[in-house]
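Beneath this line is the structure, given in structure tokens, with notes to follow.
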Amino acid sequence: MKFTIPSLTALAISVLSVEAAPQPAPVELAPRATPTAYFLGDSTMARNGANDGVTDGWGNYIGNLLTITSVNRAIGGRSARSYWNEGRFQSVANEVQSGDIVVIEFGHNDGGSPESNDNGRSDCPGTGTQTCISDRTGEVVYTFVFYVIQAARLYTAKGATVILSSQTPNNQWETGTWNGAPSRFVGYQRIAKDALASSSVTFVDHHEAMSRMYRRLGASAVNALYPRDHTHTSPRGAELAAQSFVQAIAQSLNGTTSLVNYLRTPVTIVY
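Rendered as structure tokens:
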């Protein structure tokens, strides 16, 4: 089932602020005795990674590092756009209760252009109200920032908190020389957080945490974590990705988040 996105008429997003669009009335639900943490993303987070038998996603390991229940809803091959269009953000919203925590991390599949050989995943370039028309289906396509903001609002309207996490890096030692430059979607995730301007939404720079770890590990060790390509990690690489995410939260790399009180101790230091 395809879900349509609310009209942009009353919505104006900029790098630092967003004009409030009409919001759904908060749904009053009894909070859980302890929160549940939901993890939404692509194959770098998903169970079994790229489904090739040798890779895995970090969402498969995060549960071992938390004191609360974690639910991994990451799906391989998805972007913020396709996850929205498939109704997956809404499906999670139907389960979320007040006090729950939702982690959103996309970016690997969001590149390209919907106006040129649209693959159904590419977002419209930009960080605001820009729209594009799919050259294949005629669909109106919005920006990465727009999709993330709409998703976050689904959860905060139900009393959940949201952590916007930047995407994991590709193999930064692939060429034999260090390259830690982030993709544009790392910055886009921070822009979405700033635009929402809500105490219920925080940002974790997972990319930066892993970059620090990879630089510390060195080329040989990092190359061994990528058995198939430069994007998907081995199970050990996925475990390290989860540990770096938790360390970033424990050490408040980007400020305090709602997960900080639910980390198993001692926290493993990986960077």
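As numbered in mature numbering (1 follows the signal peptide of the UniProt record, and there is no 0), residues -20 to -1, 1 to 251 make up the sequence shown, in order. Backbone N, C-alpha and C fix where the C-beta goes; we use that ideal spot for every residue, glycine too.
Can you find the residues in the same chain that come closer than 7 Å, C-beta to C-beta, to Ser178, ignoring five residues on each side of it along the sequence? Thr136
Which of helix, strand or coil DSSP assigns to Ser145: strand
Looking at the strands, I want to know which residues DSSP matches up with Gly235. Leu233
Looking at C-alpha atoms only, which residue of Asn151, Ile171, Gln169, Ala140 is the closest neighbour of Ala73? Ala140
Per the DSSP calculation, Ala17 is bridged to which residue(s)? Ser50, Ile81
Beta strand (DSSP E) segments (min. 3 residues) lying fully within the segment 168 to 234: 181 to 184
Classify Pro2 as buried or exposed, calling it buried when 16 or more other Cβ atoms lie within 10 Å of its own Cβ. With a pLDDT of only 46 at Pro2, under 50, the local geometry of the prediction cannot be trusted, and the value read off the model is given with reservation. The residue in question, Pro2, is exposed, as its Cβ has fewer than 16 Cβ neighbours within 10 Å.
Below 8 Å between beta carbons: does that hold for Ile84 and Ser238? no
How about Pro246 and His187: do their beta carbons lie closer than 8 Å? no
Contacts around Phe(-18), its chain only, beta-carbon distance under 7 Å, and the 5 residues preceding and following it disregarded: Note that Phe(-18) has pLDDT 39, beneath the 50 cutoff, so the model's placement of it is unreliable and no number is given.
Option nearest Arg208 by Cα separation, candidates Val181, Thr14, Asp185, Ala30: Each of Val181, Thr14, Asp185, Ala30 was checked against the Cα of Arg208, and the nearest Cα belongs to Ala30.
For Ile42, does the three-state DSSP call read helix, strand or coil? helix
Taking 8 Å as the cut-off, does the segment 169 to 176 touch the segment 42 to 52 (at least 3 CB pairs, one atom from each stretch)? no
Thr213 classed as buried or exposed, judged by whether at least 16 other C-beta atoms fall within 10 angstroms: buried
Can you name, in chain order, every residue of its own chain whose Cβ lies under 7 Å from the Cβ of residue 256, other than the five neighbours on each side? Because the chain in this structure spans residues -20 to 251, residue 256 falls outside the shown range and cannot be described.
Rounded to a whole number of angstroms, what is the C-alpha to C-alpha distance between Gln110 and Trp158? One C-alpha to the other measures close to 34 Å.
Whose C-beta lies closer than 7 Å to the C-beta of Ala131 among residues of the same chain, with five residues either side of it excluded? Trp64, Phe69, Ile84
Which residues share a DSSP beta bridge with Val120? Ile113
Assuming Val250 and Gln223 make a contact with CB atoms under 8 Å, what is their CB distance in whole Å? With a beta-carbon spacing of about 5 Å, Val250 and Gln223 fall inside the 8 Å limit used to define contacts.
Buried or exposed (CB count within 10 angstroms, at least 16 for buried), Asp115: Around the beta carbon of Asp115, fewer than 16 other beta carbons sit within 10 angstroms, so the residue counts as exposed.
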